[in-house]
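Position in the sequence shown counted from 1, then plus 32, gives you our numbering.
Taking it in order: structure first as structure tokens, then the write-up.
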Amino acid sequence: MTFIIDDLLFRPFVTLADIIRSTAIDELYDIDEIQDDIKENRLLYEIGERSREEYDQRRVELERQLDVAEQARKTISGKVKVKQ
Numbered sequence: 033m034t035f036i037i038d039d040l041l042f043r044p045f046v047t048l049a050d051i052i053r054s055t056a057i058d059e060l061y062d063i064d065e066i067q068d069d070i071k072e073n074r075l076l077y078e079i080g081e082r083s084r085e086e087y088d089q090r091r092v093e094l095e096r097q098l099d100v101a102e103q104a105r106k107t108i109s110g111k112v113k114v115k116q
């Protein structure tokens with residue numbers, strides 16, 4: 033009987049923690065957003081808003097972020113349900 037009551041009281045907090053965790057993962061490792069930033073960086077360089085040096089520096093940074101996001105998604109894909 034105690035187990036059922038504990039489960040009923042504890043389950044909403046576990047569900048809430050899972051939702052928060054999934055949302056945080058989506059925000060931290062948003063591959064689409066990083067890809068959009070890469071496109072924006074290229075566009076700004078092409079129209080002359082960024083110098084070659086700024087473009088290269090930002091491109092390297094964004095590619096690194098993309099690699100980390102892809103690796104993180106692969107690592108956690110089996111452990112946490114990640115919205116694609």
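Every residue, glycine too, gets a C-beta built ideally from N, C-alpha and C.
Small disclaimer: the values here were computed from a predicted structure and weren't measured.
When DSSP states are grouped into helix, strand and coil, Tyr61 belongs to the coil group. The continuous alpha helix (DSSP H) containing Glu102 extends over residues Arg84 to Ile108. For the pair Ile63 and Ala49, the Cα-to-Cα distance works out to about 23 Å.
Secondary structure of Ile79 (DSSP, three-state): coil.
Under a 10 Å Cβ-count criterion, Ile52 is classified as exposed, with fewer than 16 other Cβ atoms of the shown protein chains found around its own Cβ. Around the beta carbon of Ile57, 16 or more other beta carbons lie within 10 angstroms, which makes this residue buried. Only buried fits Leu94, as 16 or more other CB atoms lie within 10 angstroms of its CB. Selection Val100, Ser54, Thr107 and Glu86 evaluated against Ile66 yields Val100 as nearest (Cα-Cα).
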